[in-house]
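*Asks:* Shown below is the structure under consideration.
Protein chains: 2
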Amino acid sequence: MTDPTPISFDALRARVQSIFETCGVRPESAAAVAQVIVAGERDACKSHGIYRLEGCLRVLAAGKVDPQAVPQIHDAGRAVIEVDAGGGFSNPAFYAAKDLLAARAKEMGLAALVIRDCLHFSALWHDVEALAADGLAALSMCPSYAFVAPAGGREPLLGTNPIAFGWPRAGATPYVFDFATSVAARGEIELHRRAGTPIPEGWAVDREGKPTTDPEAALAGAMLTFGAHKGSAISTMVELLSGAMLGEFMSREALDFMGGSAALLPRHGALVLALDPQVFAARSGRNPIAEGEKLLTAIGAQGARLPSERRFAARAKALRDGIPLSAAELAQLERFERLGLAALDA
Amino acid sequence: MTDPTPISFDALRARVQSIFETCGVRPESAAAVAQVIVAGERDACKSHGIYRLEGCLRVLAAGKVDPQAVPQIHDAGRAVIEVDAGGGFSNPAFYAAKDLLAARAKEMGLAALVIRDCLHFSALWHDVEALAADGLAALSMCPSYAFVAPAGGREPLLGTNPIAFGWPRAGATPYVFDFATSVAARGEIELHRRAGTPIPEGWAVDREGKPTTDPEAALAGAMLTFGAHKGSAISTMVELLSGAMLGEFMSREALDFMGGSAALLPRHGALVLALDPQVFAARSGRNPIAEGEKLLTAIGAQGARLPSERRFAARAKALRDGIPLSAAELAQLERFERLGLAALDA
């Protein structure tokens, strides 16, 4: 095994963008998607890094994403802004509307962005970090594929339904969390199945709704939410707010739409809320960011880790030393560059 | 032990309101506080029912709540409305601003209500249920007293930080959850201490941050959040959004303000978000409430219980048969009626 080769953020981004353009994606969309994929790799979020390239190319090859979709913004001047991704990837739609969302939140105190009809593959921390960089608190959520049972149930109705939150910090990386409301990722159960090892208790139930540690039974049954009935309630909220409320797919319909298979990325909507702490705090005379620091530094002072700390440390290292790619990763990158979508058949 | 005596909702509300008025609370505020206390009793939420009367009278006797405070609304016509409780109870402030919040959410798509400087004792489901009755989705949260350690830590920095969500359902009670982000309530640990029984694992850590099942060690140490690091992240979000962002107390400062004792109700702010599904869904052509029903009825159809179901069942029974009060509860009610605040010394 050879040592990994470091590559700079900008160089890797340019290469990934070029792959998407080769595969027929319009340059602005290719740039947006490349940005989030390479940001994941930079932050050592391998599950949301260049590993995602193949999945993105597969939906392109399957014709399940519109590579030329131009995000359309619908803005009636209220606190809700909509952007229609037009069956394209979610990220170009978010970037197309982000500045308008931030400006509206600063003007009105808070604002919401509805992303319609998008293919979703990226972590939500991108969205909330981008808004935190504008001084805004942000909450982002979306449904996914229905593989998770509600507390007390056995049939999968809920998605892994991620939820992310960002809070600006002065002169530092923001406070950011981003997690699935399921206990584990479906991919983790799949890894246990391949390895022939049991999954931890509490991850899943079998078809009859009984707790199981057998990965096969878990995949045939349903995953569970984190935090028992409380996590189940939060996951249900994500379905309602970012599915039903937007008139977009909830996780069950998203799965049905793809023929019951999770082989391709899910198509649904997403909801992003942006809140301006300066507007909310104004009458108090207090500085909300300085107040927030009292809590966040006290959490760190007792040795507890803040969410995203590891990610930010990996980022600092990657920006200094380059993003380390293995020989296999580099070889795949070169194959995609050379063959485009045809690499999928190779 | 005699059978409980049933009393009608209206009769009990009138008696509780009259007790508050006897104790010097202005009639509008007495009515608002009586409404939520008796609603708790009606729903068999004993911990938020007439049990709360004594705590309310204690803060009145201690001069820590302003009984004559008149909520002041500050509205700049944006998506954020503020109501200053002026050191009074939170409920009169919420009711004073609720209709304006609902109208603003319908006009703009979503709106936020900031409640400032209030004494808080009631469950949050009142607020989100009231907004769901107006056809709105709602999210409500507030800090409390710092008795909960962040994940990986040992010092209490977080409150039990409740979070509530409401979603309107056609022709039925709304979808409502309302829970503390701590695993358990502090009162439950206190009950174990009095009974001399161990607390379940995962509820608390001792002063050194080690897991403990000893209620004494738990009370001297710190409680834990539900859902490990995910619950801890959500609790931190509640501190930031409903404390720091508003320029109001977070849970640590609320506890310090009361001299480190939780004997009296906490003073802080609260945040309520209201979202109009009809605005969010409009361009989709779908009915968001009907879409939500697909999920909610499917959860029920597999035998899983929706949050608040037990509460709604208790409510239906109480409205039909009356609210059952024990002889001891009736005797205390009569003592408060006869003696007002002097009953506390008796």
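In order, the protein sequence lines correspond to chains A and B. By our numbering, the letter at position 194 of the first sequence is numbered 180, and the numbering carries on one by one without gaps. By our numbering, the letter at position 340 of the second sequence is numbered 326, and the numbering carries on one by one without gaps. Here a beta-carbon is modelled for each residue, glycine too, at the ideal position from N, C-alpha and C.
#1: Does any residue of chain B bring its CB to less than 8 Å from the CB of proline -10 of chain A?
#2: Output the boundary residues of the beta strand (DSSP E) element that contains phenylalanine 212 of chain A.
#3: Taking 8 Å as the CB-CB cut-off, is proline 136 of chain B touching chain A?
#4: Measure the C-alpha to C-alpha separation of glycine 229 of chain B and leucine 210 of chain B and round it to an integer number of angstroms.
#5: Determine the DSSP secondary structure at glutamine 54 of chain A, reduced to helix, strand or coil.
#6: Three or more C-beta pairs under 8 Å: does that hold for the segment 288 to 299 of chain B against the segment 133 to 150 of chain A?
#7: Which residue or residues does DSSP assign as beta-bridge partners of tyrosine 161 of chain B?
#8: What are the complete beta strand (DSSP E) segments, minimum 3 residues, inside the segment -5 to 79 of chain B?
#9: Taking its Cβ as the centre, do 16 or more other Cβ atoms sit within 10 Å of aspartate 113 of chain B, making it buried, or is it exposed?
#10: With which residues is histidine 100 of chain A paired in a DSSP beta bridge?
#11: The segment 91 to 113 of chain A: which residues have C-beta closer than 8 Å to a C-beta of chain B, in chain order?
#12: Which two residues bound the contiguous beta strand (DSSP E) that contains serine 126 of chain A?
#13: Taking the continuous beta strand (DSSP E) assigned at leucine 292 of chain A, which residues delimit it?
#14: Is the segment 220 to 237 of chain A close to the segment 31 to 40 of chain B, with three or more CB pairs under 8 Å?
#15: Using a Cβ-Cβ cut-off of 8 Å, state whether phenylalanine 266 of chain B counts as contacting chain A.
#16: DSSP three-state call for isoleucine 185 of chain A: helix, strand or coil?
#17: Find the nearest neighbour of serine -6 of chain A within the set A:Arg324, A:Ile309, A:Glu315 and A:Ala328, judged by alpha-carbon distance.
#18: Please state whether the Cβ-Cβ distance between glutamate 368 of chain A and isoleucine 36 of chain A is less than 8 Å.
#19: Alpha carbon to alpha carbon, what distance is there between alanine 208 of chain A and glycine 278 of chain B?
#20: Just to confirm, are leucine 96 of chain B and valine 69 of chain A a CB contact at a threshold of 8 Å?
#21: With DSSP as the reference, label proline 274 of chain A as helix, strand or coil.
#22: Check whether the Cβ of glutamate 68 of chain A lies closer than 8 Å to any Cβ atom in chain B.
#23: Considering only DSSP beta bridges, list what threonine -9 of chain B is partnered with.
#24: Between which two residues does the alpha helix (DSSP H) containing histidine 106 of chain B stretch?
#25: I need the straight-line Cα distance from valine 258 of chain B to arginine 44 of chain A, nearest angstrom please.
#26: Looking only at C-alpha atoms, which of B:Leu311, B:Arg180, B:Asp262 and B:Pro252 sits nearest to aspartate -11 of chain B?
#27: Could you tell me which chain A residues have their CB closer than 9 Å to the CB of threonine 222 of chain B, listed as they occur along the chain?
#28: Could you give the DSSP three-state label for valine 169 of chain A: helix, strand or coil?
#29: What would DSSP say about leucine 144 of chain B, mapped onto helix, strand or coil?
#30: Is the beta carbon of methionine 94 of chain A sitting closer than 8 Å to the one on leucine 227 of chain A?
#31: Per DSSP, alanine 190 of chain A forms a beta bridge with which residues?
#32: Which residues mark the beginning and the end of the alpha helix (DSSP H) in which phenylalanine 266 of chain B is found?
#33: In its own chain, which residues sit with a C-beta less than 6 Å from the C-beta of proline 148 of chain B, not counting the 5 before and 5 after it?
#34: Which residue wins for smallest C-alpha separation from serine 247 of chain A, given the options A:Leu46, A:Ile175, A:Ser130 and A:Glu40?
#35: If we call anything under 8 Å between Cβ atoms a contact, is glycine 152 of chain A one with aspartate 103 of chain A?
*Replies:* Reading from the atomic positions:
#1: It does not; no Cβ of chain B falls within 8 Å.
#2: Careful: phenylalanine 212 of chain A lies outside any beta strand (DSSP E) and carries neither H nor E.
#3: Closer than 8 Å: yes.
#4: For glycine 229 of chain B and leucine 210 of chain B, the distance between alpha carbons rounds to 20 Å.
#5: Coil, per DSSP.
#6: A contact exists between the segment 288 to 299 of chain B and the segment 133 to 150 of chain A.
#7: Listed as beta-bridge partners of tyrosine 161 of chain B by DSSP are B:Trp153.
#8: At a cut-off of 3 residues, the continuous stretches assigned as beta strand (DSSP E) that sit fully inside the segment -5 to 79 of chain B are 58 to 61 and 66 to 70.
#9: Under the 10 Å beta carbon count, aspartate 113 of chain B is surrounded by 16 or more other beta carbons and is classified as buried.
#10: Position check: residue 100 of chain A holds valine in this sequence, whereas histidine was assumed. In DSSP, valine 100 of chain A forms a bridge with A:Glu68 and A:Leu257.
#11: Those residues of the segment 91 to 113 of chain A placed with their C-beta closer than 8 Å to a C-beta in chain B are Glu93, Met94, Gly95, Leu96, Ala97, Ala98, Val100 and Arg102, ordered along the chain.
#12: Membership of serine 126 of chain A in the beta strand (DSSP E) is indicated by the continuous run 123 to 127.
#13: It is not in any beta strand (DSSP E) - leucine 292 of chain A carries neither H nor E in the DSSP assignment.
#14: Contact between the segment 220 to 237 of chain A and the segment 31 to 40 of chain B is absent, because fewer than three Cβ pairs lie under 8 Å.
#15: Cβ-Cβ to chain A under 8 Å: yes for phenylalanine 266 of chain B.
#16: In the structure shown, isoleucine 185 of chain A sits in coil (DSSP, three-state: anything other than H, G, I, E or B).
#17: When each option's Cα is compared against that of serine -6 of chain A, the closest is A:Ile309.
#18: Residue 368 of chain A lies beyond the stretch modelled for chain A, which goes from -13 to 332, so this question has no answer here.
#19: Each residue's alpha carbon lies about 21 Å from the other.
#20: No, the pair does not count as a contact, with Cβ atoms beyond the cut-off.
#21: Residue state, collapsed to three classes: helix.
#22: Glutamate 68 of chain A belongs to the set of residues whose beta carbon lies under 8 Å from a beta carbon in chain B.
#23: In the DSSP assignment, threonine -9 of chain B forms a beta bridge with B:Leu311.
#24: No alpha helix (DSSP H) holds histidine 106 of chain B; DSSP gives it neither H nor E.
#25: Going from the Cα of valine 258 of chain B to the Cα of arginine 44 of chain A covers about 42 Å.
#26: In this structure, B:Leu311 is the residue among B:Leu311, B:Arg180, B:Asp262 and B:Pro252 with its C-alpha nearest to the C-alpha of aspartate -11 of chain B.
#27: Residues of chain A passing the Cβ test: Phe151, Trp153, Tyr161, Phe163, Leu281, Leu282, Ile285, Leu292 and Pro293.
#28: Valine 169 of chain A: coil per DSSP, three-state reduction.
#29: Strand, per DSSP.
#30: No. Outside cutoff.
#31: Within the DSSP bridge table, the entry for alanine 190 of chain A names A:Thr198 and A:Met209 as partners.
#32: Counting along the chain, the unbroken alpha helix (DSSP H) around phenylalanine 266 of chain B starts and ends at 263 to 267.
#33: Once the five neighbours on either side are set aside, the close Cβ partners of proline 148 of chain B are Leu110 and Ala166.
#34: Comparing Cα positions, the closest option is A:Ser130.
#35: Annotated as distal: glycine 152 of chain A and aspartate 103 of chain A, with beta-carbon spacing of 8 Å or more.
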